[in-house]
Amino acid sequence: MSNLSTWVSVPANSDFSIHNLPFGIFSAGRKKTRVGVAIGTQILDLYALAELGHFDGIGVAKKIFDNDYLNDFMALGKPVTKAVRERVQQLLSDENSPLKNAAGIFEKQSEATMHLPVKVRDYTDFYSSIEHATNVGKMFRDPENALLPNWKHLPVGYHGRASSIVVSGTDIRRPKGQIVPKGETQPIHAPCRLLDFELEMAFLISKPTSLGDTVSTADAEDHIFGFVLFNDWSARDIQKWEYIPLGPFLGKSFASSISPWVVTLEALEPFRVEGYKQDPPVLPYLQYEGFKNIDIHLEVAIEPEGVPEKTVCRSNYKYMYWNMVQQLAHHTVNGCNLNTGDMMASGTISGKDESAFGSMLELSWAGTKKLTMNDGSTRVFLQDNDTVIMRGHAEKNGIRVGFGEVRGKVVK
Ligand code: CA
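The following block contains the structure:
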């Protein structure tokens, strides 16, 4: 694997190495939306490859790649999607590749537009970082008993809103709603004053299930196509007033942003690590074997208008207490069916150190600590015209697999 190289020019430290080959939806010049694969600073046009016959015999129709979304491709299932990725990897690494002389198969990323990669069917948000759940519990409940009694027994989650999931680069309008100003008891209708980001990752469902089916932890990975970076924008003041007793609603549903390139589970294989030792032991349907956590470095930066960005958080996807296969086993334990295009977000990913806290709520400790930007201005929550940028990559033995970035600017 580490001997794999490509004849395509790939800058050192590129997220999009020959080991990665993430899928996305792009348009460029006269090309309408198509399925592409990122390599270095370029996009390989899979529809153009299909037209040249490079996927013949794999069981994928050409029109799958002439598409607004990856859903049809993901629905083909692992044997086909893995075979397509391996064919691309072979074509990009073979010194005698027929692609070297093919015209019109590459587009520059800098000249292409990236689109929402999937039509999101249903969106679920978990709450699976023990550090995040502990921090929130300490701030708003009991510092001594921060976790609620259920937390170590099941991956807590809620059903979110799929319609407002947007691709990186989309402006985020500051939401309005009901808030109760500090020191008062009655709500007013006003723009959110405590706007936050949440550093998360999300995985996408490829293989669906039927109503009544459950998915075991052993089979869960068959249903997971790949991952994106996920910014779950949050209006803390709207959330605080509305959430009792049914949980998150309008304080969350106004927007979530995702990165445009979907990194496959196959590309993340080399970066698996052991997870938390879970104590108390979990129920049998949540037990699992093997390494199900993934070592992915994550960063969040804030860029005020016209000011260089400031990194405010460094965290890691490996800090998840509940892993992806446990989340999926729990999601389906009641027989709820999965659809191709379902999106499962991790919940805010915080580490132990305060530099690894994955939200402004935690970084500013509920507004009591100020973060200093590169122009000397300070933040406790996000201001208008602030851009939030999240990045993620895995690296081991000289192999780098990254996600690029997800960015969004807060506008009035
Ligand atoms: Ca969240």
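The opening position of the sequence shown corresponds to residue 21 in this note's numbering, with each subsequent residue numbered one higher.
Glycine is no exception: its CB is placed at the ideal position from the N, C-alpha and C atoms.
Check: Output the distance between the C-alpha atoms of K51 and I192, rounded to the nearest integer angstrom.; Outcome: 28 Å
Check: Shortest alpha-carbon distance to Q62 belongs to which of W342, K158, W281 and A414?; Outcome: W281
Check: Could you name the residues of the same chain whose beta carbon sits closer than 8 Å to that of G232, not counting the 5 residues immediately before and after it, in chain order?; Outcome: G355 and N357
Check: State the Cα-Cα distance for the pair E319 and D86, rounded to the nearest angstrom.; Outcome: 33 Å
Check: Going by C-alpha distance, which of I369, V431, A222 and G197 is nearest D404?; Outcome: V431
Check: Report the rounded CA-to-CA distance for I84 versus K390, giving the unit in angstroms.; Outcome: 49 Å
Check: Hey, which residues come within less than 5 Å of ligand 1, measuring from Cβ to any heavy atom, in chain order?; Outcome: D145, E218 and D252
Check: In chain order, what residues of the same chain lie with their CB nearer than 7 Å to the CB of P163, ignoring the 5 residues before and after it?; Outcome: none
Check: Below 8 Å on the Cβ atoms is my guess for L214 versus D257; work out the distance and round it to an integer in Å.; Outcome: 4 Å
Check: Run through DSSP, which three-state label would P304 get?; Outcome: helix
Check: Mapping DSSP to helix, strand and coil, what is Y263?; Outcome: coil
Check: Excluding the 5 residues flanking V345 on each side, which residues of the same chain have their C-beta closer than 7 Å to its C-beta?; Outcome: T237, A240, E241, Y308 and K312
Check: Can you give the Cα-Cα distance for Y178 and A376, rounded to whole angstroms?; Outcome: 24 Å
Check: When you compare only the Cα positions, how much space is there between L303 and K297?; Outcome: 14 Å
Check: What three-state label does DSSP hand Q198 in the structure shown?; Outcome: strand
Check: Quick one: Cα of R161 to Cα of T154, how far?; Outcome: 10 Å
Check: Considering only residues of the same chain and omitting the five flanking positions on each side of E151, which have a CB-CB separation below 8 Å?; Outcome: Y339, S370, G371, K372, A376 and F377
Check: Check D216 in the structure and name its three-state DSSP category.; Outcome: strand
Check: Can you tell me whether I314 is buried or exposed? The criterion is at least 16 other CB atoms within 10 Å of its CB, across all chains shown.; Outcome: buried
Check: Just reading off the beta strand (DSSP E) that T101 is part of, what are its end residues?; Outcome: Unbroken run through T101 is the alpha helix (DSSP H), K98 to S113; no beta strand (DSSP E).
Check: By the DSSP assignment, the beta strand (DSSP E) with I419 in it spans what residues?; Outcome: I419 to V431
Check: Could you compute how far the alpha carbon of Y337 sits from the alpha carbon of M221?; Outcome: 7 Å
Check: In chain order, what residues of the same chain have a beta carbon less than 7 Å from the beta carbon of V353, not counting five sequence neighbours either side?; Outcome: T234 and Y305
Check: Counting beta carbon pairs with one atom in the region 105-125 and one in the region 258-273, are three or more of them shorter than 8 Å?; Outcome: no
Check: Quick one, are the C-beta atoms of V421 and S188 less than 8 Å apart?; Outcome: no
Check: Once DSSP output is grouped into helix, strand and coil, what is the label at F46?; Outcome: strand
Check: Leaving out five residues before and five after Y67 in sequence, what residues of the same chain have Cβ atoms less than 6 Å from its Cβ?; Outcome: R54, F85 and D86
Check: Quick one: grab the DSSP three-state call for A240.; Outcome: helix
Check: Measure the alpha-carbon distance for E286 versus K102 and round it to whole angstroms.; Outcome: 8 Å
Check: Work out the CA separation of E289 and S37 for me, nearest whole Å.; Outcome: 15 Å
Check: Where S386 and V176 are concerned, what is the direct C-alpha to C-alpha distance, given to the nearest angstrom?; Outcome: Rather than Ser, the amino acid found at residue 386 in this sequence is Ala. Computed Cα separation, rounded: 22 Å.
Check: So N359 and I225 are in contact, right, with Cβ under 8 Å, and what is the actual spacing, rounded?; Outcome: 7 Å
Check: Just to confirm, are G412 and L174 a CB contact at a threshold of 8 Å?; Outcome: no
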